[in-house]
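For the sequence shown, the numbering used here gives the first residue as 1101, with consecutive numbering after it. Have a look at the structure below before the remarks.
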Amino acid sequence: MPTAQAQAQTQPKNKHFWSFRAAADEAAAPELILYGDIASETWWGDEVTPKQFTEELSALGNVPEIVVRINSGGGDVFAANAIYTRLKDNPAKITVKIDGWAASAATIVAMAGDVIEIPGNGVFMVHDPKMGVLGYFSESDFIKLSDELKVIKQSIVNGYALKTGKKPEDIAAIMAAETWYDGKQAVDAGFCDKLMFEEAETTVENASKIVVNSVTMDLSRFPAMPVSLLNRCAAHTPDGFSNTSTHTKTEKERKNMPENKEIKTVDDLKAAFPDLTAQIAKDATAAERKRIQDIEDVALAGFENIVNDAKFANPIAAGDVAKAIVAEQKKQGATYLAERDDDAKNGGAGSEGAGAQIEGAAGKGGANEVDAAIDKLFPTAK
């Protein structure tokens, strides 16, 4: 996350690095789009200023929610801090959706979110702020610059600590190590709140360039990015699963990387994506346990054959088990009624003089008290 001074030396003017998108309908929230690099020296010029950003933010009006969509490798730390402050001051609920990458200064903006979402194969990276210099400087000049960097870092640490609940010294160590997370790791670490359903479309073009959801990321700015993380990010290709990556930093590293492998079996898939397959297995186990428990909740004594078949032989949901039990109850009731009628006919029950009659109890011909009770329990369909 270079400072404005460093940005001015390395980048041309970037007039408008954000855009606001009005809600498509009354039910939707307006969006702030931050795709690509954040700011340049013009953030502090006359052309693009914090004042203009604030005016466009205020023009959204009194809305209940603002969605901030981020896909950025970072940029100017001062601009990021200014945007963070304005979003935190806004009374609307701020929902941040990281559509691919949030690295360097982009993570500062993300911390403004009341809820922060990231795809499983997204990227979240934090590191110490850096300052580029050009010219001749004295020892005291460098000491002053170092002190400025310490102040800038502390302001960033405060934002991360507020969101994650981590101790400031722990955050400082994470930043100093330049720490890279995929989506799940970012959630586990507390920087993000939950995983998005969508996945980022990541294409590795060459050793220093990738394209994430149509936004080009310059990998030469991040020489310490783990190759394993890039492999996970680019796990999905148009041809299916692949652990292929063309990102290399040295010839030695390229030779030490795993060979490109076509995945044909479950074991191949597990070997290529151990975390993904482990999560799938965990979710499947939890779902099956819940299905079994739901079946137990609707099970009735006397219908063990239906319950056991549904559990193991022919797995079905608990709702279908309940329907099968009701159908079997009806079937058993109809069979009982038929057998009862046959017994009554063969035994002469109901004929004249066969015993005490209850006039009008169950129809014109009458029935004894037992038959009347059974009729009440198992009424004959008419």
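Even glycine gets a Cβ: it sits at the ideal position worked out from N, Cα and C.
Which first and last residues belong to the alpha helix (DSSP H) in which E1131 is found?
In the sequence shown, the residue the question calls residue 1131 occupies position 31. Run containing E1131: none in the alpha helix (DSSP H); it sits in the beta strand (DSSP E), E1131 to Y1135.
Report yes if the CB atom of A1192 is closer than 8 Å to the CB atom of I1170, and no otherwise.
Walking along the sequence shown from the start, residue 1192 turns up at place 92. Walking along the sequence shown from the start, residue 1170 turns up at place 70. Not a contact, by the Cβ cut-off of 8 Å.
Check whether the Cβ atoms of A1203 and V1223 lie closer than 8 Å to each other.
Here the question's residue 1203 lines up with position 103 in the sequence shown. Here the question's residue 1223 lines up with position 123 in the sequence shown. Yes, the pair counts as a contact, with Cβ atoms nearer than the cut-off.
Quick check on L1400: does DSSP put it in helix, strand or coil?
Locating residue 1400 in the sequence shown gives position 300, counting from the first residue. In this structure, L1400 counts as coil in the three-state DSSP scheme.
Run the CB neighbour count on S1119, radius 10 Å, all protein chains shown included, and call it buried at 16 or more, exposed below.
Numbered from its first residue, the sequence shown carries residue 1119 at position 19. Exposed is the call here.
Pick out whichever of D1228, E1156 and D1199 has its Cα sitting closest to the Cα of V1257.
Looking up residue 1257 in the sequence shown gives position 157. For the residues D1228, E1156 and D1199, the minimum Cα distance to V1257 belongs to D1228.
Taking D1214 as the reference, which of N1190, A1182 and P1374 has the closest Cα?
The sequence position of residue 1214 within the sequence shown is 114, counting from 1. The residue with the shortest Cα to Cα distance from D1214 is N1190.
When the Cα atoms are used, what is the spatial distance from G1402 to A1129?
Working through the sequence shown from its first residue, we reach residue 1402 at position 302. Working through the sequence shown from its first residue, we reach residue 1129 at position 29. Their Cα atoms are separated by approximately 54 Å.
For A1530, collect the residues of the same chain with a Cβ closer than 7 Å to its Cβ; drop the 5 residues on either side in sequence, then sort them by chain order.
No answer is possible for residue 1530: it lies beyond the span of the chain, which begins at 1101 and ends at 1482.
For T1154, which option in D1394, Y1135, K1188 and S1172 has the closest C-alpha, if you only look at C-alpha atoms?
Start at 1 with the first residue of the sequence shown, and residue 1154 comes out as number 54. Minimum Cα distance to T1154 is reached at K1188.
Can you look up G1200 in the DSSP assignment and give me helix, strand or coil?
Working through the sequence shown from its first residue, we reach residue 1200 at position 100. In the structure shown, G1200 sits in a strand (DSSP, three-state: E or B).
In whole angstroms, what separates the C-alpha of A1384 from that of R1391?
Indexing the sequence shown from 1 puts residue 1384 at position 284. Indexing the sequence shown from 1 puts residue 1391 at position 291. Each residue's alpha carbon lies about 11 Å from the other.
Whole angstroms is fine: what's the gap from N1405's alpha carbon to A1372's?
Stepping through the sequence shown from its first residue, residue 1405 is reached at position 305. Stepping through the sequence shown from its first residue, residue 1372 is reached at position 272. Their Cα atoms are separated by approximately 42 Å.
Looking only at C-alpha atoms, which of G1232, A1324 and D1282 sits nearest to G1175?
As a working mapping, residue 1175 is identified with position 75 in the sequence shown. Nearest of G1232, A1324 and D1282 to G1175, Cα basis: G1232.
From V1177 to L1249, what distance separates their C-alpha atoms?
Locating residue 1177 in the sequence shown gives position 77, counting from the first residue. Locating residue 1249 in the sequence shown gives position 149, counting from the first residue. Going from the Cα of V1177 to the Cα of L1249 covers about 11 Å.
Answer yes or no: do G1283 and P1374 have a C-beta to C-beta separation smaller than 8 Å?
Here residue 1283 corresponds to residue number 183 of the sequence shown, with the count starting at 1. Here residue 1374 corresponds to residue number 274 of the sequence shown, with the count starting at 1. Cβ atoms of G1283 and P1374: not closer than 8 Å.
Ignore the nearest five residues each way along the sequence and tell me which others in A1127's own chain have a CB closer than 6 Å to its CB.
As a position in the sequence shown, residue 1127 is number 27, starting the count at 1. Nothing listed; no residue qualifies.
Just the Cα atoms here: how many angstroms apart are D1420 and Q1432?
Position 320 of the sequence shown, counted from the start, is the residue given in the question as residue 1420. Position 332 of the sequence shown, counted from the start, is the residue given in the question as residue 1432. Distance between the alpha carbons of D1420 and Q1432 is about 18 Å.
Let me check understanding here. Comparing Cα to Cα, which of D1270, I1274 and I1133 lies closest to G1200?
What you label residue 1200 is simply residue 100 of the sequence shown in a count that begins at 1. For the residues D1270, I1274 and I1133, the minimum Cα distance to G1200 belongs to I1133.
Take L1295 and list the residues in its own chain whose beta-carbon comes closer than 8 Å to its own, dropping the five residues that flank it on each side.
The residue you call residue 1295 lines up with position 195 of the sequence shown. E1217, I1218, P1219, G1220, G1283, K1284 and V1287.
Can you grab the Cα-Cα spacing for the pair F1242 / Y1236, in whole Å?
By 1-based counting over the sequence shown, the position of residue 1242 is 142. By 1-based counting over the sequence shown, the position of residue 1236 is 136. Computed Cα separation, rounded: 10 Å.
Where in the segment 1170-1256 do unbroken runs of the beta strand (DSSP E), each at least 3 residues long, occur, reported from the N-terminal end onward?
List check, beta strand (DSSP E) in window: 1193-1203, 1215-1219 and 1223-1226.
DSSP on E1428, reduced to helix/strand/coil?
The residue you call residue 1428 lines up with position 328 of the sequence shown. Helix at E1428.
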